[in-house]
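This report concerns only the one structure given below.
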Amino acid sequence: MKTEQYRPFTETHVLALPLPFQGHINPMLQFSKRLASKGLKVTLLTFIDNQITKTKNGSVNIEFISSDANEEDDYFQNLKSIVSVKLPEIVAKISESGFPVSCLIYDSIMPWALDMARELGLFGACLFTQSCAVSNIYYKANEGKLRTPVEKVPVSIEGMPLLDLYDLPSFFFDLENYPTSLNLLTNQFLNLGDADWVFFNTFNGLEDEVINRMTARQFPIKPIGPSIPSMFLDKRIQENKEYGLNLYKPNIESCMKWLDSRETFSVIYVSFGSLCIMGEKQMEEIAFGLKRSNHYFLWVVRESEEEKLPSNFVEETMEKGMIVTWCNQLEVLAHKSIGCFMTHCGWNSTMEALSLGVPMVAMPQWCDQTTNAKFVADVWRTGIRVKVDEEGIVTKEEIEMCLKEVMEGEIRKNCEKWKKLAKEAMEEDGSSDKNIEEFVAKLMATSH
Ligand code: UDX
Numbered sequence: 063m064k065t066e067q068y069r070p071f072t073e074t075h076v077l078a079l080p081l082p083f084q085g086h087i088n089p090m091l092q093f094s095k096r097l098a099s100k101g102l103k104v105t106l107l108t109f110i111d112n113q114i115t116k117t118k119n120g121s122v123n124i125e126f127i128s129s130d131a132n133e134e135d136d137y138f139q140n141l142k143s144i145v146s147v148k149l150p151e152i153v154a155k156i157s158e159s160g161f162p163v164s165c166l167i168y169d170s171i172m173p174w175a176l177d178m179a180r181e182l183g184l185f186g187a188c189l190f191t192q193s194c195a196v197s198n199i200y201y202k203a204n205e206g207k208l209r210t211p212v213e214k215v216p217v218s219i220e221g222m223p224l225l226d227l228y229d230l231p232s233f234f235f236d237l238e239n240y241p242t243s244l245n246l247l248t249n250q251f252l253n254l255g256d257a258d259w260v261f262f263n264t265f266n267g268l269e270d271e272v273i274n275r276m277t278a279r280q281f282p283i284k285p286i287g288p289s290i291p292s293m294f295l296d297k298r299i300q301e302n303k304e305y306g307l308n309l310y311k312p313n314i315e316s317c318m319k320w321l322d323s324r325e326t327f328s329v330i331y332v333s334f335g336s337l338c339i340m341g342e343k344q345m346e347e348i349a350f351g352l353k354r355s356n357h358y359f360l361w362v363v364r365e366s367e368e369e370k371l372p373s374n375f376v377e378e379t380m381e382k383g384m385i386v387t388w389c390n391q392l393e394v395l396a397h398k399s400i401g402c403f404m405t406h407c408g409w410n411s412t413m414e415a416l417s418l419g420v421p422m423v424a425m426p427q428w429c430d431q432t433t434n435a436k437f438v439a440d441v442w443r444t445g446i447r448v449k450v451d452e453e454g455i456v457t458k459e460e461i462e463m464c465l466k467e468v469m470e471g472e473i474r475k476n477c478e479k480w481k482k483l484a485k486e487a488m489e490e491d492g493s494s495d496k497n498i499e500e501f502v503a504k505l506m507a508t509s510h
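Using this note's numbering, you'd call the opening residue of the sequence shown number 63 and step up by one each time.
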């Protein structure tokens with residue numbers, strides 16, 4: 063049995079600063095664990111004081127920033143103020159422990175963290191937790207080459223398929239609901255040219271043309287993904303099971319047991335991530351679409367969404383379905399019984415499905431998910447995208463049809479290619495692994 067080898071810690075210490083959302087914490091934490099396994103000392107800063115596990119050798123220290131970033135209206139401005147006060151304190155505190163920090167790895171949504179790193183005399187490494195393709199679209203907007211309202215569709219961007227309006231990130235068409243979000247995302251590029259490293263949670267083969275074009279422009283992009291524990295990519299690797307930092311309490315045992323008793327590829331896994339809020343009508347259509355599919359299903363309905371389930375649905379579908387408020391998604395997707403993932407196409411969910419070879423029914427909701435869904439359906443061809451009716455609803459008939467096609471059709475065959483590439487990228491000497499090694503080596507050489 064192969065076990066993940068951990069190198070002894072050196073004195074090179076990095077701080078990881080994720081945006082405090084589940085979809086941003088997960089990739090940053092897994093990247094941090096990779097770095098720790100290669101001998102860096104890593105401390106991850108978090109605002110979330112729940113379910114935090116400090117794991118053993120080779121793992122990551124967790125430092126809690128004890129402040130509530132939600133207190134004020136302008137969430138991101140408030141976050142910036144808190145970090146600007148806490149970061150110097152934490153860096154000073156850590157330095158006293160004898161392992162001074164040499165680099166800050168920060169989420170690309172917080173470009174101001176690079177300026178703070180500089181003031182503290184640290185290297186700055188930026189991690190993008192969305193796809194390179196999506197980032198390229200925001201970059202075009204930053205350059206002024208793509209404006210809202212979008213005037214001409216389809217949109218043609220080099221290295222990408224033609225994009226209809228609803229293939230663009232939602233901030234290009236849903237201007238009413240999110241008037242300022244596009245700014246936040248285009249701002250990712252403001253000072254990116256000054257960062258010492260630019261990492262993406264992606265892997266070679268997946269979106270090479272966009273990566274090459276962006277790299278040629280000015281940002282030397284290094285793919286470091288898929289940011290998931292190696293044990294999921296290579297069954298021979300045994301790692302510490304405590305790999306997550308969940309904002310919600312997962313219902314692990316009961317759902318894994320339930321899956322164990324199901325046959326290979328017989329279950330539809332349904333989840334819309336940590337943030338999506340569904341309308342009641344849409345929730346009903348999903349429920350009835352699942353029921354009509356007549357397949358087994360495991361559906362994650364967060365506590366805040368539960369009341370939208372049609373009455374008696376749970377009782378009526380007990381034979382076929384299981385509903386949980388949160389699960390360990392990687393363990394679920396890696397389970398042999400899962401035949402299809404009905405997903406909102408958050409970038410992590412998309413990467414996880416691609417890396418574990420699970421075909422998708424793509425039902426994007428907002429943000430980058432629309433573009434991810436476009437790539438799933440038309441570029442990687444590992445899923446189909448649902449059609450939305452004139453009222454903005456995906457009907458139960460449509461859901462039933464898409465589920466049937468993915469569960470019973472040929473699309474699963476297309477998934478093997480990406481699963482193989484994901485595994486190869488993260489193997490020793492694989493492309494992402496090499497990028498990570500290179501970063502560790504440079505940091506070690508310069509911080510002594
Ligand atoms: C958000 C955005 O939606 C996404 O598009 C963006 O790229 C990142 O931030 P989120 O909506 O939560 O994230 O979706 P996603 O990116 O898929 O991240 C969810 C994470 O939670 C995944 O890593 C998934 O494995 C995990 N998860 C989800 C669980 O562990 N258990 C669950 O029950 C559901």
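Glycine included, each C-beta is placed from N, C-alpha and C at the ideal position.
Quick caveat, the model's predicted, so the values are computed rather than measured.
In DSSP terms, what residue i is bridged to
i, result
"M384", "L360"
"T405", "S333, A424"
"E125", "L107"
"F262", "F190, P285"
"V163", "H75"
"L225", "V217"
"I5", "Absent from the model: residue 5. The displayed extent of the chain is 63 to 510, so no value can be given."
"F185", "C165"
"I400", "V329"
Spatial distance of residue i from residue j (CA atoms)
i, j, result
"G492", "L268", "14 Å"
"I87", "S94", "10 Å"
"M506", "D430", "35 Å"
"A487", "E453", "42 Å"
"G408", "G335", "7 Å"
"K458", "S355", "9 Å"
"A223", "S164", "Per the sequence presented here, residue 223 reads as Pro, with Ala not at that position. Their Cα atoms are separated by approximately 40 Å."
"K496", "W174", "28 Å"
"D296", "R209", "43 Å"
"D258", "T277", "14 Å"
"E368", "W361", "11 Å"
"P162", "I455", "53 Å"
"S128", "L247", "26 Å"
"L465", "F138", "38 Å"
"A182", "E151", "For the sequence presented, residue 182 should be read as Leu rather than Ala. Taking the straight line joining both Cα atoms gives about 11 Å."
"E414", "H406", "13 Å"
"C317", "E489", "30 Å"
"D322", "E378", "22 Å"
"V122", "N308", "15 Å"
"S159", "L166", "17 Å"
"N401", "E470", "Sequence check: residue 401 is Gly here, not Asn. G401 and E470: Cα-Cα distance of roughly 9 Å."
"Y240", "C338", "14 Å"
"P511", "P216", "Not covered by the structure: residue 511. The range shown for the chain is 63 to 510."
"Y200", "F185", "25 Å"
"S143", "T326", "50 Å"
"W320", "M380", "12 Å"
"K148", "F126", "10 Å"
Cβ neighbours of residue i in the same chain (closer than 6 Å, five flanking residues each side left out)
i, result
"P80", "H86, I87, M90, D169"
"T412", "N434"
"Y358", "R324, S328, V329, K382"
"V394", "Y331"
"F262", "F190, C194, I283, P285"
"F403", "Y331, A415, V420, M422"
"I31", "Any property of residue 31 remains undetermined from this structure, which presents the chain solely from 63 to 510."
"V448", "M425, V456, E460, C464"
"V153", "V163, L182"
"L352", "F359"
"A179", "L166, G186"
Contact set for residue i: own chain, Cβ-Cβ below 7 Å, skip 5 residues either direction
i, result
"F294", "L392, A396, L418"
"T508", "none"
"I385", "W361, V363, V376"
"V502", "L97, K100, G101, L102"
"A511", "In this structure the chain extends from 63 to 510, so residue 511 is not present and cannot be described."
Same chain, Cβ closer than 8 Å to residue i, neighbours up to 5 away in sequence not counted
i, result
"V212", "L227, L230, F234, F235"
"L483", "F265, N266, G267, L268"
"I473", "P421, R443, T444, G445, I446, E467"
"D177", "N253"
"W388", "N308, Y310, K311, P312, N313, V362, R364"
"E499", "K100"
- Query: If we count Cβ pairs, one from each stretch, closer than 8 Å, do we get three or more for the region 167–183 versus the region 253–267?
  - Reply: yes
- Could you tell me whether the region 275–291 touches the region 187–202, where touching means 3 or more Cβ pairs closer than 8 Å? yes
- Query: Given 8 Å as the limit, is there contact between the region 428–443 and the region 468–487, that is, 3 or more CB pairs closer than that?
  - Reply: yes
- Query: Are three or more beta carbon pairs between the region 371–382 and the region 337–349 nearer than 8 Å?
  - Reply: yes
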